[in-house]
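Structure, as structure tokens:
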Amino acid sequence: STSRHAWDNELSLRSLAKSSEKFGQVPPSVHIVHGTRDEIVPVHMGRALHLLCKELRFGGCSYTERPRAGHNDVLDEAFSELARLILAVEDIPNGKL
Numbered sequence: 011s012t013s014r015h016a017w018d019n020e021l022s023l024r025s026l027a028k029s030s031e032k033f034g035q036v037p038p039s040v041h042i043v044h045g046t047r048d049e050i051v052p053v054h055m056g057r058a059l060h061l062l063c064k065e066l067r068f069g070g071c072s073y074t075e076r077p078r079a080g081h082n083d084v085l086d087e088a089f090s091e092l093a094r095l096i097l098a099v100e101d102i103p104n105g106k107l
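So for the sequence shown, this note's numbering puts the first residue at 11; every next one is plus one.
Following this line, the structure appears as structure tokens:
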């Protein structure tokens with residue numbers, strides 16, 4: 011099937027990893043949240059992005075699927091989890107998970 015998704019998140023991850031390497035830094039931590047009912051971006055794309063993130067050796071790479079979430083309500087579904095992650099990063103001196 012054809013996706014209406016126009017952003018190239020794979021290219022963005024690769025670019026971020028390359029920029030981090032150029033400046034001698036470990037790529038930042040990445041947390042991917044995807045709704046299994048996403049009608050715009052197929053869930054297999056989120057899974058593939060997570061695998062790429064691990065392959066590129068980001069500082070930390072985690073993935074969560076929200077079974078009740080679609081595309082536009084995934085942040086509502088995952089709000090408490092994302093808030094916990096944001097607060098955890100603020101508590102760590104160098105900002106890495």
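A virtual CB, placed ideally from N, CA and C, is assigned to each residue, including glycine.
Predicted model only: the values in this text are computed from it and were never measured.
Given this structure, state the Cα-to-Cα distance separating residue i from residue j, to the nearest angstrom.
i	j	result
ASP94	ARG24	Per the sequence shown, the amino acid found at residue 94 is Arg instead of Asp. C-alpha separation (whole angstroms): 26 Å.
ASP83	ALA98	23 Å
ALA58	VAL51	12 Å
THR74	SER29	26 Å
ASP18	ILE96	24 Å
LYS64	THR46	21 Å
SER22	HIS81	19 Å
GLY105	MET55	Residue confidence is low: GLY105 scores 48 on pLDDT, short of 50, so the model does not pin down where it sits. Its coordinate-derived value is still stated next. Their backbone Cα atoms lie some 27 Å apart in a straight line.
Look at the Cβ atom of residue i, then the Cβ atom of residue j, and state whether they are nearer than 8 Å.
i	j	result
HIS53	HIS41	The amino acid occupying residue 53 in the given sequence is Val; His does not appear at that position. Cβ distance not < 8 Å, so VAL53 and HIS41 don't count as in contact.
ALA88	ARG78	no
LEU112	GLU91	There is simply no residue 112 to check, as the chain begins at 11 and stops at 107 in what is shown.
query: Below 8 Å, can you find three or more Cβ-Cβ pairs linking the segment 35–44 to the segment 63–75?
result: yes
task: Entirely within the segment 46–96 and at least 4 residues each: give me those alpha helix (DSSP H) ranges in chain order.
output: 53–65, 84–87
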